[in-house]
Every structure is written in structure tokens, then in C-alpha cells.
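S.K.: In my numbering, the protein residues as written are 48 to 211.
Yeah, the Cβ is synthetic: ideal placement off N, Cα and C, and Gly gets one too.
1) Are the beta-carbon atoms of residue 191 and residue 133 separated by less than 8 Å?
2) Which of the three DSSP states, helix, strand or coil, is assigned to residue 132?
3) When DSSP labels each residue in this structure, what does residue 195 get in the three-state scheme?
4) What I want to know is whether the C-beta of residue 153 ends up closer than 7 Å to one or more non-hydrogen atoms of the ligand FMN.
5) Residues in its own chain within less than 8 Å of residue 167 by CB, not counting five upstream and five downstream?
6) If you run the structure through DSSP and keep just helix, strand and coil, what is residue 93?
7) Got a sec, what are the start and stop residues for the alpha helix (DSSP H) residue 82 sits in?
8) Using only the alpha-carbon positions, how far apart do residue 121 and residue 112 sit?
9) Cα separation between residue 182 and residue 123?
10) In angstroms with no decimal places, state the Cα-to-Cα distance between residue 96 and residue 140.
11) In this structure, how does DSSP classify residue 118 when only helix, strand and coil are distinguished?
12) Can you say whether residue 163 is buried or exposed, counting buried as having 16 or more other CB atoms within 10 angstroms of its CB?
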């Protein structure tokens, strides 16, 4: 699949579907577990903090690529490192959509019992994960854009379409 969609990278439509699928499945699974087994463990803050650390690491890994694209890096850029960073950025964006969808479903399942202080705390943690998931999506797409190298204007494949 080496058409224009591959050149555009990860699309918002794909991220939206990942969010909706994770949210739908998450809601159904959590509802069944809550009804049949008991309340699932409430989300904890350290997991959200770990995801933030991962996003900082992604930005740090991508920063030399950004500098190289702007012509501010004189040393040679390792293409394999740049490709790995791109793949990690796309995976982070998709994972962020899944995290946000799952924990949005978690908050929705907890909402009917929101009068309890413990449940409200769990809903707050779930909301933090939704925000962190959204940040993962934004950072992943931002780093993807840093790793994008447009084809030269005189690229014959760009104008003629796929060769047969």
C-alpha cells in the first residue's frame, strides 16, 4: 500500500475508530464485569504518569529529526532511527485513542454510582487517563508530522499515480 494514503500517515478517521471501538468494547466488558463479578479496580495515577513519561521520551527521540528537517542539525541522521521514531509515534497515537476510549467507558460505567466519594475519585482518575490518552494522540500526530519528508516536486510517481 504505497499510495497517497501512506504518504499522509495515520489519519484522524483511524484514530476515531480506535477510540470508538475501545470505548464500545470497554463499556460492554466493564458493564458485564461490574454486574456479574463486582466493580473492576479503579484506575490509579501512576499509570497515567508513566504514559506521560513515555510521551516525553517520544518527543526527545523525535527532536533531532525535527532539527534535521529544519536544517539545524549538521550531523548525519540515522534513517532507521527516524523510521522507528515514526512507527512509535503512530503506535502512540493509536494507543492514546484506545486508552482514552477505554477510560471514557470506565467513567461512564462508574457514573451511576457517582454519589460515592470513592467512585468520584475513580472517575477523576479515569478522566485523567482520557486526557493523557488525548495527549498521546496529539503528541503522536505531532511527531509523525516531524518525521514526514515530502517527495520532490519532480517525482514522476507523484503525478502519474501507481505504476503497473
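M.R.: In brief:
1) Start at 1 with the first residue of the chain shown, and residue 191 comes out as number 144. Start at 1 with the first residue of the chain shown, and residue 133 comes out as number 86. Yes, the pair counts as a contact, with Cβ atoms nearer than the cut-off.
2) In the chain shown, counting from the first residue as 1, residue 132 sits at position 85. Reduced to three states, the DSSP call for residue 132 is helix.
3) Reading the chain shown from its first residue, position 148 is the one you call residue 195. Of the three classes helix, strand and coil, the one that applies to residue 195 here is coil, per DSSP.
4) The ligand FMN is not among the ligands present in this structure, which contains no ligands whatsoever.
5) Here residue 167 refers to the residue found at position 120 when the chain shown is read from its first residue. 161.
6) Residue 93 sits at position 46 when you count from the first residue of the chain shown. Helix at residue 93.
7) Within the chain shown, residue 82 is the residue found at index 35, counting from 1. Unbroken alpha helix (DSSP H) run through residue 82: 59 to 83.
8) Here residue 121 is taken as the residue at index 74 of the chain shown, counted from 1. Here residue 112 is taken as the residue at index 65 of the chain shown, counted from 1. So the alpha carbons of these two residues sit roughly 11 Å apart.
9) As a first step, residue 182 must be located in the chain shown, where it is residue number 135. As a first step, residue 123 must be located in the chain shown, where it is residue number 76. Approximately 30 Å between the Cα atoms of the pair.
10) Counted from its first residue, the chain shown places residue 96 at position 49. Counted from its first residue, the chain shown places residue 140 at position 93. One C-alpha to the other measures close to 17 Å.
11) Within the chain shown, residue 118 is the residue found at index 71, counting from 1. Residue 118 falls in the coil class under three-state DSSP.
12) For this step, residue 163 is matched to residue 116 along the chain shown. Exposed is the call here.
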